[in-house]
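The next block holds one structure in the form of structure tokens; read it before the comments.
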Amino acid sequence: MIETIKRVRNRIGLLRGLIHGEKAYVGPAFVNLDMTTRCNSVCRGCLYHCAETRQTSVEDHATRDLPLEMVRQLAPDLARIGTREVLLVGEGEPLLHPQFDEIVTAFQHAGMIVRSFTNGTLIDEAMAARIVGLGLDELCPTFWAVNREEHLAWHPGVNPDFLERRKRGLQLLRQAKRNARRSLPRVNLQMPLNRSNFRNIGERVKLALASGCERVTFGAFRDYGGPFEGECLSQADVDNMRHELLRAGEQLGRAGIQHNAGGFLSRARLGGDAWRACPCYAGWFEAYVKVDGSVLGCCRCRVVMGRLTQRRFSEIWNSPAYRDFRRRSLDPQLLTQMGEECNCANCCHWNDNRRVHRVWRWFAPLTLRGRNAATG
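The sequence shown runs contiguously to residue 393 in this note's numbering.
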């Protein structure tokens, strides 16, 4: 009941903000939080840690881990303005943060849902028990590779035993949940697809079925303008995988595992132009906090809205920079210009934008007519 009330309140606040055009009347529905810049693996094509020369996007390169004190100030501030979820992500492996448990607990005490991504290599028996004991809501292990051949190609120089460690980690987590008689965390397997692995969807389904996961999320590899363009899926690849991916969705569904197979195909068909299908509403429902406290408008935009070392998030949320970001994102012409500042071609909020737009498109014309009448 409480969660339903929160959702209704947030949707009303979002609608009020869209009517205004710049101001947000409720906090972001979720915040992506950078945990650390450190990683214990190498993924081919990774923006931060691949074998090719890359640079971290964080401004303060001396900052390795998100400061706990910053989190303890941020958590109640977000809760006060209505944020419901926090996603622990980042340039590195979140479980490497020395105060991972304390950070999860801080957001839980603030009444928020906490989800964390991981490469899964650190989940041994003790770690599995820790994660279950924390009461983390969702864990999202990422599998670029599901067999030795894929692992050698996609994780150059990394011990092939890491793949078995990832798979064993899923089983240990499943057993830890049984031992503790708990249903959390829900396990959401992340399955990025590229030109090297999209023909092997069947083996990915087998992994999911054996893992005890609750959801599988397929995603498309994107190179962010780097040297791995040849690994990105082409439209022909998407067409070729359609039948097998839909069949995979049916298999997962019969096993009671949620999935996004259909949604993935819809997004993949649009390619880099998906962001042009409707206005961008990310400035109202999402924010990204880097390890040095920089607040970005979204996870694909490098424009800094403010810094938590200088101001609270609630102050940054309706700052002039954020208001300008929202105003421009609603205007088709200005949004096109923003595509030059942000990596909109790799937008990961297409589905969120589409859901908001399905409702807002009926109100937008009336609101614009009212503005024109007032200024005409």
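Glycine included, every Cβ here is placed at the ideal spot set by N, Cα and C.
Small disclaimer: the values here were computed from a predicted structure and weren't measured.
Between the alpha carbons of Met258 and Ser200 lies a gap of roughly 33 Å. With fewer than three CB-CB distances shorter than 8 Å, the segment 89–109 does not count as touching the segment 142–149.
Shortest Cα-Cα distance from Arg239 to any of Pro209, His260, Gly219 involves Pro209. Just so you know, the alpha carbons of Leu226 and Thr159 end up roughly 15 Å apart.
Per DSSP, Gln116 is not a residue of any beta strand (DSSP E), being assigned neither H nor E. Runs of the alpha helix (DSSP H) lying entirely within the segment 127–159 and spanning at least 4 residues, in chain order: 142–151. Residue pairing by DSSP places Thr53 opposite Asp82 in a beta bridge. 8 Å or more divides the Cβ of His126 from the Cβ of Met52.
The way I'd put it, the segment 155–172 does touch the segment 206–221; three or more beta-carbon pairs between them come closer than 8 Å. Glu303: member of the beta strand (DSSP E) spanning 303–306, first to last residue. Leu250 sits in coil when the DSSP states are folded into three classes, being neither helix nor strand. The C-alpha of Leu85 is placed about 26 Å away from the C-alpha of Ala338.
Setting aside the 5 residues that flank it on each side, Arg203 is surrounded in the same chain by Glu155, Glu231, each with a C-beta closer than 6 Å to its C-beta; the list follows chain order. It is roughly 13 Å from the alpha-carbon of Met87 to the alpha-carbon of Val312. Looking at the backbone, the Cα of Ser251 and that of Leu263 are separated by about 18 Å. Counting only runs of at least 4 residues, the segment 257–291 fully encloses the following alpha helix (DSSP H) elements, listed from N- to C-terminal order: 278–287.
C-alpha of Gly34 to C-alpha of Val48: approximately 18 Å in a straight line. Between Arg97 and Ser331, the C-beta gap is smaller than 8 Å, which places the two residues in contact. Within a 10 Å sphere around the beta-carbon of Val175 sit 16 or more other beta-carbons, which makes this residue buried. In the structure shown, Gly38 adopts coil according to DSSP, grouped into three states.
With contacts defined as CB atoms closer than 8 Å, Ala285 and Ala237 qualify as a contacting pair.
Pro209 sits in a strand when the DSSP states are folded into three classes.
Relative to Arg344, the option among Gln188, Arg329, Lys194, Lys40 whose CA is nearest is Lys40.
The C-alpha of Ser228 lies about 32 Å from the C-alpha of Arg81. In terms of Cβ geometry, Phe245 and Gly109 do not form a close pair [threshold 8 Å].
CA-to-CA, the gap between Asp178 and Gln188 works out to about 16 Å. Between the C-alpha atoms of Arg329 and Trp377 there is a straight-line separation of about 30 Å. When secondary structure is reduced to three states using DSSP, Gly236 falls in the strand class. At the C-beta level, Asn136 and Glu167 stay beyond 8 Å of one another. When DSSP states are grouped into helix, strand and coil, Val255 belongs to the helix group. Here Ile29 is exposed. Its C-beta has fewer than 16 other C-beta atoms within 10 Å. With contacts defined by Cβ atoms closer than 8 Å, Gly270 and Gly279 do not form a contacting pair. At the C-beta level, His366 and Cys315 come within 8 Å of one another.
Contact between Val121 and Leu83 is ruled out by a C-beta separation of about 12 Å, above the 8 Å threshold. Contact annotation, Ser346 with Pro382: C-beta distance approximately 18 Å; criterion of less than 8 Å not satisfied.
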